Structure formats: C-alpha cells, structure tokens
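Enquirer: To convert, note that position 300 of the sequence shown is 301 in this note's numbering; the numbers rise steadily by one, no gaps. For each residue, glycine too, the CB sits at the ideal point set by N, CA and C. The model shown is predicted, which means the values in this text are computed figures rather than measured ones.
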Amino acid sequence: MLQFSVKMSETSSTSISMIHRTSSEGQVPSPRHLSIMHPVVAKKISFYKSGDPQFGGVRVVVNPRSFKTFDALLDNLSRKVPLPFGVRNISTPRGRHSITRLEELEDGESYLCSHRRKVQPVDLDKARRRPRPWHSSRAISVQAHQAPPTAAAATAAPGMLRAPRKLLVFRNGDPKMRRVVVMNRRVTQSFQAFLQHLTEVMRFPVTKLYATDGRKVPSLQAVILSSGAVVAAGREPFKPGNYDIQKYLHSARLPGISHHVYAKGSARSESRKSGIWKISIITSDLPNSGTSSQIYIILYGQHRSSAPIYLYGTDGSQFQDGHEDVFTIMVGNIGTLFKIRIGHTNSGSSPSWHCKEIQLWNMNSGKEFYIPVQRWLAQDQEDGEICREFPVLNKGQPILPVTVYEVHVATGERWNAGTGASVYISIYGEKGDSGSRQLFRSKNSFSFLRGQTDTFSLEAVHLGDLYKIVIGHDGVGPGNGWFLDDVVIKDPVTNREYAFFCHRWLDQGEDDGKIARELHVMDNSIIFASQKLELNRKETWAAERWKFMKGNTLQFYNRLTGGFVRLHPDGTVDAIGEKTDKYGLFDVIFNRGNICIFQSHEIRHLSLAIDNSNVTGMATGGACTELRVLYQHDHCALLESVLDPGHVVTVDHHGKIADESSAGYADLSKEFVVFVKGVFLNSAVVLLATSLCQALCLQPDGSCTGVGSQSEKSYWKVHKISSGICMFESVKNERMYLRIKDGQCDGTGTGDTDCHFKIKKNLENASISLESMKSPGLFVGLQPDGQAKPVIYTKNGNVFFYPQVIKFGRENPMGMSATPSQEEEKIHESKNQQETLPESEAKCSLLSSAAIVRYYVDVHTGKLKQAETESEVSLCLCGERGDSGLRLLDKSNMPVKFQRGQTDTFQVETVSLGKLQKVLLHCEASEESQYWYCEKVVVREPGTASESVFTCERWLPFMSQGTIHSEIELYLEEMQINHQPKIQEEENEGDWKVTIVTGDLENAGTTATVSLYVYGEATCSGPIILGSGKYQLFSPNSADIFKINLKDIGEIYKVRIGHDNSGKDPAWYLEEIRLENIDTCEVYCLAVDSWIAENENGGDLWKEVPMARTNKAPLPVVVYEIYMYTGRKPGAETEANVVINLIGTRGDSGNRRLHKSQNNTVKFRRGQVDIFSIEAVSLGKLKKVLISHDGTGPGNGWFLESIIVKSEEEDGSQEVLFPCNRWLDEYQDDGRTERELFAEHEVSL
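1. Can E417 and V708 be called in contact, C-beta distance under 8 Å?
2. Check for me: the beta strand (DSSP E) holding Q556 runs from which residue to which?
3. Which runs of the beta strand (DSSP E) fall wholly inside the stretch 457-501 and span at least 3 residues, in chain order?
4. Can you grab the Cα-Cα spacing for the pair C845 / S1063, in whole Å?
5. Pop quiz: N395 and Y311 are said to be a contact at Cβ under 8 Å. What is the actual Cβ separation, rounded to whole angstroms?
6. Which one or two residues does DSSP pair with A517 in a beta bridge?
7. At what residue ranges does the stretch 329-406 contain a whole run of the beta strand (DSSP E), taking only runs of 3 or more?
8. What would DSSP say about M203, mapped onto helix, strand or coil?
9. Going by alpha carbons, who is nearest to K516 out of R546, D475, T495 and M523?
10. Among all the DSSP beta bridges, which residues are the ones paired with L1078?
11. With a CB to CB cut of under 6 Å and the five nearest residues on each side skipped, what residues in its chain are close to V1140?
12. Determine the DSSP secondary structure at S831, reduced to helix, strand or coil.
13. Measuring CA to CA, which of D612, A696 and V405 is closest to N799?
14. In terms of residues, what are the limits of the beta strand (DSSP E) holding A588?
15. State the Cα-Cα distance for the pair G514 and R505, rounded to the nearest angstrom.
16. Using the beta-carbon count (16 or more within 10 Å), is M774 buried or exposed?
17. For F1239, count the other beta carbons within 10 Å of its own beta carbon; 16 or more makes it buried, fewer makes it exposed. Which is it?
18. What first and last residue would you give for the beta strand (DSSP E) that runs through F676?
19. Suppose you measure from the CA of G1128 to the CA of F959; what does that come to, to the nearest Å?
20. Whole angstroms is fine: what's the gap from W542's alpha carbon to K533's?
21. What whole-angstrom Cβ distance do K808 and V686 have, given they're in contact under 8 Å?
22. Is there at least one non-hydrogen atom of the ligand ADP closer than 7 Å to the beta-carbon of E869?
23. Does the beta-carbon distance from L1013 to I1058 come in below 8 Å?
24. Using three-state DSSP, classify S949 as helix, strand or coil.
25. Just how far apart, CA to CA, sit G174 and K209?
26. Is T284 helix, strand or coil by DSSP?
27. For the pair the stretch 406-423 and the stretch 454-464, tell me if three or more CB-CB distances fall below 8 Å.
28. Quick one: give me the first and last residue of the alpha helix (DSSP H) that F1035 is part of.
29. Tell me, please, which residues DSSP counts as bridged to T906.
30. DSSP three-state call for E1237: helix, strand or coil?
31. Could you give the DSSP three-state label for R416: helix, strand or coil?
32. Counting beta carbon pairs with one atom in the stretch 670-689 and one in the stretch 711-726, are three or more of them shorter than 8 Å?
33. Tell me whether Y584 sits in a helix, a strand or coil according to DSSP, three-state version.
34. Could you have a look at M38 and say whether DSSP puts it in helix, strand or coil?
35. By DSSP, does E970 sit in helix, in strand, or in coil?
36. Is R1223 near G1181, with beta carbons less than 8 Å apart?
Shown next as structure tokens:
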C-alpha cells in the first residue's frame, strides 16, 4: 500500500501542477473551511536538499488547509527542491529520524529532503550563508580586442551585457511552447531563484536547464554564456527538438552572427522562405556504425549560422547501418553556405556513429553540395570527437581547409588547482567559431592535473586569425573548480601560435565565483612571456617581502657554492660560509620598497655594497650600499646595485666574487636563497605558506588543508619544545594543535607528543618540512587536492612549507624547559577545576573539610555504531545544596575511555550536594566522527545502598533549532537499589575473560596499541582493541585482564593478536593468551612465546593461534609463501607499503604487511619477483586475495602482474594463481589502489 501511494504521488504531482494554477506558495488551492472553534495552526518550516550545502532551502507554511496529506507536501516540495526522482523522504537535519506524518513537523525547525531513505547530512549554517553566484551582468575585465568590422558582432560575448538581456526558453520536447524571459537582477539572485522564476513563467516545475544541443546548463554563468536560448525541463531527461532560436528571437544578438536588416516585411518573409534545404545523410555499412544518439546539423553562411537543428523522425529508426535518411529543414537566409557542422548528443546505449556522406540541396536556388565524410563521430574512435566540420565548395569562392588545431592547456601550480570536471572550449576567429567542444582526449594519462600542461587536438574548418576563446567547465560547488594558467593554440596552416592568458580560478568558491571565462589573444608571444614573468615576480615579492622588513637578521645562501655570503672585517666578500658563521649574518637597517641596506651583524660599521661593479664591504649609509632585491620564480633573489643598475652580486663556483666576464655563464651564480633568523622562537605567530597565495589552514571539522587563504584563519602560534622542535597551535581556534596520529594529519591535537614536530630546513628554496617526533620518518604533506596527510619525505614539493612571520616570538627564559612537567600538568588540571567551582561550593569549602564527599560516577557509552569518542567529556552534579562545578572526566577505570558499549567509572570529590536532582554533560567534539552517544549516567554515593540514574540516550553534541549544542541537562529518572537485575544476565551472555601474559624478557613490553580477533564457526569478532602500552598495559612480566563479549560467533577455532607498531618501543614479546568462558568456567591456554615486532619473524605484526574444539584437533598453523610479480611497464615499481589478505574456505589471514622480501634487498621493482611468507591458521582452499598499498600521488602507484600463493599441509600441497595485470594507482586505470583477485586455477601437488 505504501508503494502504491508513493507511485501515485510521483505520477500525479506534475500533471496537477500543469493543469491547475498554483498559489504563491506553489500549493494547490482547496476549498476554505473556516472554523472559529478550531483555529488553523500554521507552521513555518525550512526544507533543505540532502547533501547539497549550495541549495539555500525553501520556506513553506504548513497548515491543514494547504496540505491535506503528507503526500501532498511531498508533491509540493518536489516542485521546489531539485531531486532526480522528486522528494520522497523528509528527515531531521542529521538524517537519523524520518518524518512520515504532518503532525511530526515542528514549527520553526529545519528538515532535509531526499529521494531515498539514505540521507547525506548538510551543514545548515553553511547552506543559509551560501554565496550568491551572480549579482550582475558586468563584463569580465579583459583587454578589448580590435576585431575586424565583419566580426564586430561576434566580439560581444553572450551574457557579458551590462543591461538586462532577453532569453528564449523552450519547453523540453515541445519547441512550440516557448517564452521570452528578461534576465535582470531581481530574478537572477541565484540559480535556484532563476529556476523558480521560470517555473512561474512556464507554468510547470522547472528543475533543470539544457542548451539547445542537449548539454546540461548547470549554473547561472552557463546561462549567461548560452547562445540566447535554453530548454527548460522538469525531472525528465533532455528531449531533442527543432529549437530554432532564429525563428522566434530575431532581436537577440548571438555569438558570431551579424544582424540582417530587412528593408520590407515582404522581403523578410521571402528570405525566410528562401532558406529551405533538403539533406541526405548516409550511414556507413560498417559493423555497429549506426547510432542511438540524436543527430544535429548547423549550417554556416556568410550572413549568419543556423541554430542546432535536430534531425529526427517518428519511428526512431534513423541513422542505422547502411541507411539513407532524408530531411527537409528551413534555416532562413543565412547567405552563401561555406561550412557545416554535424554532431550528436552522445546519448543512448550505442551512441557511436560512422557517417559515410552528406548531400545538401538548396530548394530555392537548386544548388547541390556533396560532402564525402567517411569518419567516426564517437568518443571511443579516432580522435574522440562527436562533432565534425566540413567546408562547402562554392564556385568562385576559396575553399577553407579543415585544420587540426593543437590546444595546449596549462593548469596552475596552486594546490587543488586540478579538476575532474568536463572542460569545454569555443574558439573564435575572423571566419566564425568552432562551437563548444569538450577537451576530451589529452596526450597525458589524466587531464587537468595540478601544474600540468595538457595537449588536445581540435578539428575545425579554418577560422582565420583567432581573437578570443571562451573556456569553462561543469564542476559546480566551491572546491570543485579549476585554476587555469593559460591556453596556447597552434595553427598548423599559418604556423602561428595564439596565447590566451588567464591565471585565475574557475571555481564558484574562489575569485569572482565564475566557472567560465572569456580570454582575448595576446598581441605576440614576447608580450605573453613577459606578462607571465612579471606577474610571477610580483606574486613572489608579495610573498617574500616580509623578510626584508627593517630590523630582521638575514642570511644569503648560494646553491652553486653550497655556502653563505660572508662579509669579513677587511671588507672582502665570499659565499662559502657555514650556517653558524658569525660573519654571515646581515641586519636590515633600511627599507624602501625593495631597496634595502644590509649591515653586517658582527661588524656594525660595514654593509654589503657594490662599488664600480665590485662587491665589497663599505661604510654604512653610502649610496653604494643601497641594493635592490629582485625576486625570481624559484624563491631566489638577485641583489642589484641601485647606483649602477644591471650590476648584481655574482660569485663563481669557488665562492669568490666575480663579474660576468670572468668565467663562463655556467660557472657563475647570481641567485641567493634568503633566510630569516628567529622565525620559530617561542610564542611566534607564523603562516605556513604552501604556494604564493595559499597556506596551511585548520578547517572547521578539524582537518587541515593547504588551500587556505593567507589570512588570520591560517595563523599558527609556535610553542618551542627544544632546539628545532616545536608545536603549532591554531590562533583562530585555541587549544587545537597540528598533529600526526593514527595515519592522519589534522589540527585536533591537545598538545601532547603527537603534536611535536622537528623542523627540517631546506636550503635550496628556503622552505621547511615538519617531521613527526612521535612517528619519525613521517612528515606533514599535502595531497593534490591540498588535504594534509602524513607522507614520507620526497622532493616533489608536497612537504615544503614557506614560513612567514606575522609576529616574532621570544627566546625561552634561561633555566626553564618548554616542555610542561607532570607536576605542571597537575597544577593546570587543578586550576581548571578550581576555576569552575560554583560560589556555593567555594563557601562550603571554607567551613569544613569533613563535608567533602567522593561520588562514583558510572558513564555508560551506548552500543550504537561509532558511539565511542576521543573528545573531552565534562560533567557537573547538581543537588539540593548546590552543584559540583564542571569537572573534566579524565581518569577512568578503563584504559581507553568512552568506548562503544563500555562503562567508565570516575570519581568526583565535592561538598555534599544532598539529594541529586540533575546532571550536566558537556562534550566538545570538533568533528562529526567524534560525536558521542551516551546511554545513561549512574551516580553512587558511598554509605548508601541506592544509586541515581540519569538517562541520556542521545548523541552529543546535538542539533536543535539549527544550533549545535555541546551540553545537555539530564534529570533524575529513578533511585534504584544497587543489585544486578535479570536483564543484566541477558546482556552478559557470551562474556569471556581474556588474560594477556607478557614475557619477562628485557624490553618485552610494548608501547603499541594491541588488538584481538576471535574467529568462530559462525562469524568473526574484531577488531577488539585491548588498549595501549602507554596506559601502563603490556609491561614486562605482567598479566593484563580484559572482559570481552563473543556472543553468537559460534565455536571458537582461532584467535589473531597483534599491534599497530606505534609508540617509541612497539616490539612485544607475548608469552600466553588465556580465554575463560564466564558462563561455563572453561579455560583455554594458548601458548605463543614469540616476538611480535617489525624486526622479528619477517616483520609480521600479527600472530595466529588455533584453539582446540569439541572432539576435533586444532587446525594446523601453515606457512604461506607468497610470490609477488611486479609488471614490466614503465613506472611499474613502487616504494609504498603493500598489504595482503588471504581468504579461504576457513576464514581469512587478516591484513598483513609485506615487510621484508626473502630474495631481494629492494622489493617491488619493475619486472621483479618478490617472495614473502606469512603464518596463519589453515585457511582451507584459497579463494581470493585482497591486495592494496598506501602510495598516493602521481608516480607512486604499482603495476601488479600476478600473485602465486604456495602452501603445504599434511593432506597435500596447493599452488594458487591470482592474475591481476592492472595498475594500483590513483592516476592510472580506474584510480583504485586496492584490488580483489580471484583464484584462476589451483595445482594440487
């Protein structure tokens, strides 16, 4: 019945909105039934779109008059919220509760709309503050192109008008249903507002727009850049039709089309009639040459071009193998025909098309044109083009050649500059335009990557001299854009290059928010190159000028000599000084723009000078000591004489001062890397620049990104730990530190050792790299999209940060350590608790210490998925005599606090509060993954037999009325006698006691986090995190006891135990595992007596032990030999960590890192076979393997040819082949770094 009602609402909503006129709220009017006894209660409710923060929401008034049923509301919202299948589900903002009745909606609240049950939460604050993508029709600021008179009309790009413009809107599938719409500021405040306006004009719900050739129009910018006509659609796909803009909108000025002036009305009518053409198109008889796509044709004449004309019939059998299709079209007076463009929409199940020939007859003049095509129009054939241009030969007219333009598109060096969106380009010349073409097939494996230049081929009838391009993409939403540096087009006919400079974002969240740009050609290549160089110098100087502020102390490093510039007491200068040389320091004592005086820090009366081309030391203040700093693109600077321009500080490869004539150019160096002393002093505020205009920034969700703006939100405060070791605290978000932990790099650190970084200075470019002290070898790095991630040090630039000092710090006082001691931490904790003491308790504490009571607080974390948290939780007890103040729940009886299904016990000392009334809980989680589900809080007071129960059963923080709340008040629910109820017995069914015995060898303990897997006949339980050695667990000669629940896993046949190799001393000697079934008191002792360490037993960090079963012998432990065949393709090798999981008929081996090759020193080289071995309880017959690695970024992938696994057991041997022959690479194949491989065959030996 539910399915029937939903289906009915889907089919009826559109038809109702078409037939009946709607009210201002878009609701179907109904008879008014006024009742004085029962007044109508109206609710004002906001609805947002699931997973789309760009959708600004709609506000609807809900009352019994407007919506009789819940389905009526869904139908109404389907017209306002653009979803593929309409609004079929309404849920709360976090998506946890679905709304099914009108009565459940609350006045003033916000809800999410989706077309399926699964909901993607939305940041409502962000949705409410969404930026408006277009505010005016102001032209893009570019240099005007002096086009020839014949092309004057073409230079005015559509959508760049300063005044309101007209737009012709067709109804999808019905070209006769059309409206002319005036685009002005009132209706174009946002794309959604424009769609709403079209809904009112077209009298049906408009949710999508298409161009007349079938391409989707995703934004206001695309509407502005359209040809002057769009097709309005609801939820249905594009329907081809004869959407002829010339027929209905003569007054609209189109790109590349001049206005035709008609002297008389009759002449105009005759010219309309004169444009009748008959077209014959023959599809080739090659196999699969027919198409399921929609074919269109455009005719270009000397006066103008036609709109895209779709060629379709009534039976849908056009353009099949070997068929001839004949059509009659009317295009009006376009003048003498000189070229045609034919293409298709690439739609349907088999869109590829091979066209044999085209014939055109002008039905008025009788002229006939024959075009032999013999080409594929298919993205998987030839050059991938789905449209072709062909010249038309007219007597007395020169034929235009078909030209293959070479288009070079350079993506910028900004982080996240690349895009995965589809990029389109239109090229404009004196002889027309190319039409909008997708840049589909790059000569690189992947298109539009950061810092990459892609080359495309674009075939078109020769356009003459080029003067502009329009380039854009379909990636909507902030962060989905593209940073375009420039476009260079090579014309092989004239052998000319046309350069179009951009150097701007095409991103709705950057710059001016536009995702399409009109670029005009540069006058010549020399101006183009000089403009690029000058812009780069300006940007570099803007990023580096802080170094030359008056009072800074500098060092100048020369890459050729590998030394620092020194000024000796006798006035001589060289560039072979050490980093610590006292004569290599210079103070900036004068600064005017980029002109400075550099005084020796050691010899105060001398400054660096250039005197008659000689570099020397001279008395401070002379004209020769003024040097101009000229920055280059590689973060190096030239030091030029102000008095004698053109003369710069130059050294030879021996480090001696030289002039350019004294040696060959290769033996001289003029560039110096500039360093500032005292950058990372304690309490300094710095910016960690990632590019010339980007910086490392802490995001609201706690993650870190390298695409932040160089503003206050990217400032970091330096906490100096010791020489060269620092912590970085966000200035905008206090007590949030940069850290590397558990394979993640984020800003949610608390100031512990995870936040300690060693600063590695890179002399070659004045950058620094941050190495984790907790995990040596791991550095703060950036992925191509700018997200921070722990990486191994490389020189490809993703670990380089360029510090800028916002505020200099100070040296630590002598005799004090920057690392807080344990005593200081206790003082700090005590101080925090004292600060939160309420006034009532402060008074009581003065009366008598005997009134102090110790409360035992049991905090129950729920059993829901991801209920656990690592966030800080605080609590305040409130009674009839006052409250305890907010206390941090710091010391639990469990090794890891607030784990799923766990009960933590804390002690709170305070004055006697009398009868408890409520509890205040506070959880400050910075990201959604750290939200905590609390089931209840139980408080016990010594000397009483009762306990106070405060039920919570909700997530913290939680959303209410659009606001996130981190605190909740829990009121006393019941007082109960402290005994075990019967329900507890049911909950404890399947409880086991696990005892882990660590050996008594020296250094047998571990600092790592230990996990356990238990395998039963029914299922596997795990990972069960037992705890970490840093919490005093797993010490030498110790037995640690844990309680776990293994309900419903069946009879146990093996366990697997291991650790994550974290901490300072992760190696662990495990002696024994004991498992006791609490219900049956059965005890199983599993002897291990083995090291679990990276430098032992091949580096395997996991150990499997079989268990005896009822009337069955334990399964054997088998050694599996794994032969890894790396392919022979270029770049097939990898240095990444490879992990394998063997899966058989008796379970799996778990993820095992292939750490040490048995036959090669360096593993996973190109064309190499590596042998590894792992131990596991017999897996039975091997079925498949899961293989993956952690290499990210271009060039860090791996080409795996195959895997062979060999094993021997008592009942025989097996050798199983798992073929692969695929890339595991983010930038190759399908971009995946994990493969599931199935056994091809098994050879029993």
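Expert: So, from the data block:
1. It is Asn, not Glu, that sits at residue 417 in the sequence shown. Against a cut-off of 8 Å, the Cβ pair of V708 and N417 comes out as a contact.
2. T554 to N559
3. 467-474 and 483-492
4. Only weak support exists for where C845 lies, its pLDDT of 37 falling under 50; the value from the coordinates is given anyway. Between C845 and S1063, the C-alpha separation is close to 47 Å.
5. Not really, about 26 Å apart at Cβ, beyond 8 Å.
6. G473
7. 338-345, 354-363, 369-378 and 388-392
8. helix
9. In the sequence on display, residue 516 carries Ile and not Lys. It is D475.
10. In the sequence as displayed, the identity of residue 1078 is Asn instead of Leu. Paired residues: W993.
11. N1152, R1154 and S1189
12. Summary for S831: the model assigns pLDDT 37, below 50, so the residue's position carries little reliability; its value from the coordinates is reported in the next sentence. Of the three classes helix, strand and coil, the one that applies to S831 here is helix, per DSSP.
13. Of D612, A696 and V405, the residue nearest in Cα terms is A696.
14. Note that residue 588 is Asp in the sequence shown, not Ala. F587 to R593 is the span of the beta strand (DSSP E), which, as asked, contains D588.
15. 11 Å
16. buried
17. exposed
18. V674 to V677
19. 52 Å
20. Approximately 14 Å, taken between the alpha carbons.
21. 4 Å
22. With respect to the ligand ADP, the structure offers nothing, as it holds no ligand at all.
23. yes
24. strand
25. A straight-line Cα-Cα distance of about 13 Å links G174 and K209.
26. strand
27. yes
28. Looking at the DSSP string, F1035 is not in any alpha helix (DSSP H), and its letter there is neither H nor E.
29. D859
30. strand
31. The displayed chain sequence assigns Trp, not Arg, to residue 416. It is coil, neither helix nor strand.
32. yes
33. Taken through DSSP and simplified to helix, strand or coil, Y584 comes out as helix.
34. The predicted model places M38 with a pLDDT of 39, which falls under 50 and marks its position as unreliable, so this point remains unresolved.
35. Under the three-state reduction of DSSP, E970 is assigned to strand.
36. In this structure, G1181 does not lie closer than 8 Å to R1223 by Cβ.
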